[in-house]
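Here the sequence shown stands for residues -27 to -1, 1 to 141, where the numbers follow mature numbering (1 follows the signal peptide of the UniProt record, and there is no 0).
All C-beta atoms, glycine included, are put in the ideal place defined by N, C-alpha and C.
Bear in mind the structure is a predicted one, so any value in this text is a computation, not a measurement.
In what follows, a single structure is set out as structure tokens and then discussed.
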Amino acid sequence: MFNAKLSAQALLLSLVFNLSSVSLAQAAPSQSASGKGQSAAAKNKAGAASAKSGAPSQSSGASQAAIRAYCNQTWSKIIGKWLLADGNNHVTITCEISSDGSLGDLSVTSSPKSAEAEAAAINALQESKPLNLLPSGMSRAKITIVFDSKADPHGDSSSSGSVRLDPI
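Take a look at the structure:
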């Protein structure tokens, strides 16, 4: 019972922190992915992760606010499906996205290379489909999703991630 109360309190505090982080989020830098050995040992809780969503600096028909909102909504959808792999992982997924939210071929990288972390990230994205329609005025874009996590077999974990949308 004591652990359940602590978990609920930690989840609430984390949610408050994450909502603050999301509202203050700025453009995420473009980066290559890296990840470490992993297993689908720990399911990520939405409150246990923070997200930074990025809007590109180049202009498109969509407003920066609409792009940021899209990135935040997309990350919220994905994080609920993400199972953390054991280890210290960094995975990046990049692909083209059409105005209807459909995805093109995925490019997935991790460093150090980790098939388990990559599979967990891909699975989270696949289970989050269909993605929302792109913001008004944007016909195609490159979407970059970054997954960062630390998890061990004892249940200790932390995670964060970001979504960036660049018009094509």
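Does residue i pass the burial test, meaning 16 or more other C-beta atoms within 10 Å, or should it be called exposed?
{"i": "residue 73", "result": "exposed"}
{"i": "residue 89", "result": "buried"}
{"i": "residue 87", "result": "buried"}
{"i": "residue 113", "result": "exposed"}
Of all the options the options, which has the alpha carbon lying nearest to the alpha carbon of residue i?
{"i": "residue 140", "options": "57, 52, 45 and 71", "result": "71"}
{"i": "residue 105", "options": "44, 38 and 117", "result": "44"}
{"i": "residue 56", "options": "137, 133, 138 and 93", "result": "93"}
{"i": "residue 116", "options": "54, 123, 75 and 69", "result": "69"}
{"i": "residue 99", "options": "59, 75 and 87", "result": "75"}
{"i": "residue 125", "options": "38, 135, 60 and 95", "result": "60"}
{"i": "residue 149", "options": "129, 112, 51 and 108", "result": "For residue 149 there is no data in the structure shown, the boundaries of the chain being -27 and 141."}
{"i": "residue 38", "options": "123, 128, 77 and 110", "result": "110"}
{"i": "residue 134", "options": "123, 35 and 128", "result": "123"}
{"i": "residue 41", "options": "77, 85, 108 and 102", "result": "108"}
{"i": "residue 101", "options": "47, 35 and 34", "result": "47"}
{"i": "residue 128", "options": "36, 35 and 58", "result": "58"}
{"i": "residue 130", "options": "121, 138 and 85", "result": "121"}
{"i": "residue 136", "options": "103, 77, 49 and 85", "result": "49"}
{"i": "residue 118", "options": "132, 138 and 103", "result": "138"}
{"i": "residue 132", "options": "53, 85 and 77", "result": "53"}
{"i": "residue 103", "options": "85, 77 and 36", "result": "77"}
Among all the DSSP beta bridges, which residues are the ones paired with residue i?
{"i": "residue 125", "result": "Its beta-bridge partners do not exist; DSSP assigns none."}
{"i": "residue 41", "result": "DSSP, once it has assigned bridges, lists no residue as partnering residue 41."}
{"i": "residue 139", "result": "115"}
Residue i: beta carbon under 7 angstroms from a heavy atom of the ligand SAH?
{"i": "residue 64", "result": "With respect to the ligand SAH, the structure shown offers nothing to examine, as it has no ligands at all."}
| If you scan the segment 61 to 122 from start to end, which runs of the alpha helix (DSSP H) of 4 or more residues do you find wholly inside it? | 88 to 100
Exercise. Taking three-plus beta-carbon pairs below 8 angstroms as touching, is the segment 75 to 86 in contact with the segment 60 to 67?
Worked result: yes
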